[in-house]
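Enquirer: If you use this note's numbering, the sequence shown corresponds to residues 255 to 438, in order.
Yeah, the Cβ is synthetic: ideal placement off N, Cα and C, and Gly gets one too.
I have a structure I would like to understand better, so I am pasting it below and will then ask my questions one at a time.
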Amino acid sequence: MLAIAAWWLDGSRKASELRVEADRQRQKTLDDYLESMTQMLVQEKLPGKKLDAARGIARSRTLAALRSLDGGRKAQILQFLHETGLIGPDPVVQLNGADFSNAELDEAVLRRAELRGVHFEGASLKNSTLIEADLRGSDFSRADLTGATLKLANFTQAILRDAIVDSDALALAITEQAVLPKRR
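Structure (structure tokens):
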């Protein structure tokens, strides 16, 4: 009996160590991403319109980082991109196809953000501000938009299947050809 208990405790300890190491690696990915993007911004390689190579590198690094991060860290990347002006109108970093599924974006301020074709499946956007955001073709399946401000947010051809969203808030958005949630 003691041997079984010792074996189980050892396995539990190893599993815990693996979770901690995975979390440490995700944090390192986020830190490395933020450092490299900040260096590009400081060296003024990103804002220039003619520097397509720098834009491509920024997009590739962003998409790669998002694939390995958890919901909270994905939110940090999105807020960083928005606050530095990289995903505003005429975005420097195109996020089409980016994976923000299960991201924890509660109270995020993404006013006028360009987020076309982004995956927000299962994301939490409670009380977020998406005023005039370009969300065309994005997938919000099972996302929680409770209390979100959606005035003039463009959800054209977006998918909101099984999303939790206030119908009054959605009425202020552009929803042409969107797949809307069923009324409850």
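Over the uninterrupted alpha helix (DSSP H) stretch that includes residue 373, give me the two end residues.
Expert: Within the sequence shown, residue 373 is the residue found at index 119, counting from 1. No alpha helix (DSSP H) holds residue 373; DSSP gives it neither H nor E.
Enquirer: I'd like to confirm the pairing. Which residues does DSSP put opposite residue 433 in its beta bridges?
Expert: Residue mapping note: residue 433 aligns to position 179 of the sequence shown, counting from 1. Paired residue(s): 413.
Enquirer: My guess is that residue 288 and residue 334 are in contact by the Cβ rule of under 8 Å, so how many angstroms apart are they, rounded?
Expert: Translated into the one-based positions of the sequence shown, residue 288 becomes position 34. Translated into the one-based positions of the sequence shown, residue 334 becomes position 80. So it is a contact: roughly 6 Å between Cβ atoms.
Enquirer: Once DSSP output is grouped into helix, strand and coil, what is the label at residue 249?
Expert: Outside the modelled stretch of the chain, which goes from 255 to 438, sits residue 249, for which no answer is possible.
Enquirer: What residues match up with residue 418 in a beta bridge as DSSP calls it?
Expert: On the sequence shown, position 164 is the one that residue 418 refers to. Answer is 398.
Enquirer: Which residue from 259, 324, 350 and 367 puts its Cα closest to that of residue 358?
Expert: Residue 358 sits at position 104 when you count from the first residue of the sequence shown. Checked all of 259, 324, 350 and 367; the closest Cα to residue 358 is 324.
Enquirer: Which one of 280, 260, 367 and 426 has the shortest CA to CA distance from residue 321?
Expert: Numbered from 1 along the sequence shown, position 67 holds the residue referred to as residue 321. Selected option, being the one with the closest Cα: 280.
Enquirer: Would you decide whether residue 303 is buried or exposed? Buried here means 16 or more other CB atoms lie within 10 Å of its CB.
Expert: On the sequence shown, position 49 is the one that residue 303 refers to. Confidence in residue 303 is poor, its pLDDT being 49 and thus under 50, which makes the residue's placement unreliable; the coordinate value appears in the next sentence. Exposed: under 16 other Cβ atoms inside 10 Å.
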